[in-house]
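This report concerns only the one structure given below.
There are 2 protein chains.
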Amino acid sequence: METILVVEDEEPVRELVSVYLRREGFRVETAEDGEKALAMLRSFVPDLILLDLMLPKLDGWTVCKEIRKNLTVPIIMLTARGEEFDRVFGLELGADDYITKPFSPREMVARVKAVLRRAKLAGSQNDVLCYPGLLIDRNACRVEAWGQEIQLTPKEFDLLWFLASHPQRVYSREQILEQVWGYEYPGDSRTVDTHIKKLREKLKNPGSKNYIVTVWGKGYRFGVTE
Amino acid sequence: METILVVEDEEPVRELVSVYLRREGFRVETAEDGEKALAMLRSFVPDLILLDLMLPKLDGWTVCKEIRKNLTVPIIMLTARGEEFDRVFGLELGADDYITKPFSPREMVARVKAVLRRAKLAGSQNDVLCYPGLLIDRNACRVEAWGQEIQLTPKEFDLLWFLASHPQRVYSREQILEQVWGYEYPGDSRTVDTHIKKLREKLKNPGSKNYIVTVWGKGYRFGVTE
DNA sequence: GAAATTTTTCATATTTTGTTCACAGGTTGG
DNA sequence: CCAACCTGTGAACAAAATATGAAAAATTTC
């Protein structure tokens, strides 16, 4: 399910937008100001961001710029009719579309879907995940770590792909088995450990943090933690 | 299929309500007084409760309060026209809606559906909780306090999530054990104290009130107090 | 079908968590 | 102001989860 982050300070607007998006089957998270939005983005990445231009503390421009430093997630700007919105400037900052308030909920939903469709199209072309020092190519089944191509076995590759394509999120061994091995895998869930170990060995680089992090009592997570 | 528990002492009304609800595809269970209802709730949890205000043995108020100690299941109150129903008081007790007798079956069904829809919407809850200076992400199993990521153990995380997702509400140690540890945990309830202590240590911030508040003789509560 | 590779299992060592308990320190109500 | 009753704290101990290494089983390759 796709998740949309709504950044909007006015509670009624936030509610309205959330209700309509949820009705369309999206998962919705909300933040009432820019600081909270940026904080939230440190721990999860939505599929799209609806960003109000006029926000307390940090305005929409700044938030947008900040987001673009790290993420390529699609952003739709919300602007009040009076506010001047320089489309070119907006696009320069990396916004993908904008909606003028007051807007009809149906229009809003339509635009969200359009942007998502566009993003998915662009995204599906490259089955390549790219992280600092790590390149995973699904088409070629190749992995390059710290400039060196490394050889992974099929299971190792599938596991790495699964984790790396859902960064930051924690998965239990059972969930990993289900997703990577297939439904209702009967075997021992400690098998995952072994594969994780081998992956870590192969991805290891002196002086760099490990990409695959153990979350004690919960499972594993892919992501840079510092 | 959704199950509805009807708590009503008058047999004809019980029948009427049941028939109409079943016709709409609900599974219906009935209880003719408050004690029986509470007993039933110990072994199963319906998706909604229709609760008559006027009941033998335990009146509806008491039953409602009792239910709310443990469950967040939606409750619709049934009141006779003459009975004074203080809407505010009812909602304080945690009722989600009320219907005045005599009611049309169609109205009753409509209200049941409306409340269920609302509940489902609310149930697709955020996986990220956000309070001033505190961010809790359930997917990533991460907590950020005052801009710094903090490391929590599994139990600490589960406990914090439970408390933070029911802010302001007081839970006894027993209730916490039941909710966070699992039903009928056999051990010492003072274990909770230890975990609370560790949480407070980790969440502590000079100059800020503690999020986890002790309610003397009752238990603990999550909330900003000032 | 044998060799090589990959995957799984399992026992052990290691690390991290969870629980208990005793005592100190507060709070309440008579 | 005292007795009874809660809660906070720290440390010892128990329990649980993970890392590891090696060997067995399964699969693929030649």
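For the protein sequence lines, the chains are A and B, in the order given.
The opening position of the first sequence corresponds to residue 718 in the working numbering, with each subsequent residue numbered one higher.
The opening position of the second sequence corresponds to residue 718 in the working numbering, with each subsequent residue numbered one higher.
We put the CB at the ideal spot given by N, CA and C, even for glycine.
Please give me, in chain order, every unbroken run of the beta strand (DSSP E) with length at least 3 that falls completely inside the stretch 819–883 of chain B.
845–848, 851–854, 859–862, 865–867
Report the neighbours of T911 of chain B on chain A: residues whose CB is nearer than 9 Å to its CB, in chain order.
What T911 of chain B touches in chain A: nothing, since even the nearest Cβ is about 16 Å away.
Contact between the stretch 890–899 of chain B and the stretch 921–931 of chain A: three or more CB pairs below 8 Å?
no
Quick one: what's got a C-beta closer than 6 Å to E725 of chain B's C-beta in the same chain, skipping five residues either side?
R731, D769
Per DSSP, what are the beta-bridge partners of G936 of chain A in this structure?
A:V932
On the three-pair Cβ rule with 8 Å, is the stretch 776–792 of chain A touching the stretch 759–766 of chain A?
yes
Against E741 of chain B, what residues of chain A qualify as contacts under a CB-to-CB distance less than 8 Å, listed in chain order?
Within 8 Å Cβ-Cβ: nothing; E741 of chain B doesn't reach chain A, min ~21 Å.
Alpha carbon to alpha carbon, how far is V805 of chain B from A756 of chain B?
Reliability fails at V805 of chain B, whose pLDDT of 38 lies under 50, so the model's placement of it is uncertain and no value is given.
Coarse secondary structure for A754 of chain A, derived from DSSP in three states
helix
Within 10 Å of its beta-carbon, does T911 of chain A have 16 or more other beta-carbons around it, so buried, or fewer, so exposed?
exposed
Cα-Cα separation, L916 of chain B to A857 of chain B:
18 Å
At 9 Å on the CB atoms, spell out the chain A contacts of T870 of chain B, in chain order.
W933, G934
Evaluate R823 of chain A with the Cβ neighbour count: other Cβ atoms within 10 Å of its Cβ, from every protein chain shown; 16 or more gives buried, anything less gives exposed.
exposed
Same chain, Cβ closer than 7 Å to T870 of chain B, neighbours up to 5 away in sequence not counted
none
Can you tell me whether D854 of chain B is buried or exposed, with buried defined as 16 or more other CB within 10 angstroms of its CB?
buried
CB contact below 9 Å: R823 of chain B versus chain A:
no
So, helix, strand or coil for T779 of chain A, using DSSP?
helix
T779 of chain A versus E749 of chain A - alpha carbon distance:
15 Å
Extent of the continuous beta strand (DSSP E) run through E746 of chain B:
744–748
Rounded to a whole number of angstroms, what is the C-alpha to C-alpha distance between D875 of chain A and T720 of chain B?
41 Å
Would A831 of chain A and K919 of chain A be called neighbours here (beta carbons separated by less than 9 Å)?
no
Sub-9 Å separation of Y848 of chain A and V887 of chain A beta-carbons:
no
In chain A, which residues lie less than 8 Å from R834 of chain B when you measure between Cβ atoms?
None at all; the shortest Cβ gap to chain A is about 10 Å.
Looking at the unbroken beta strand (DSSP E) that takes in T720 of chain A, where does it start and where does it end?
720–724
For L833 of chain B, tell me which candidate among B:D813, B:F820, B:G777, B:A881 has the shortest Cα-Cα distance.
B:D813
If we ignore side chains and look at the alpha-carbon of each, how far apart do I784 of chain B and L775 of chain B end up?
12 Å
For a contact meaning CB atoms closer than 7 Å, what does R859 of chain B contact in chain A?
S760
Kindly list the residues whose CB is nearer than 6 Å to the CB of A836 of chain A, restricted to its own chain and excluding five residues on each side of it in sequence; keep chain order.
P791
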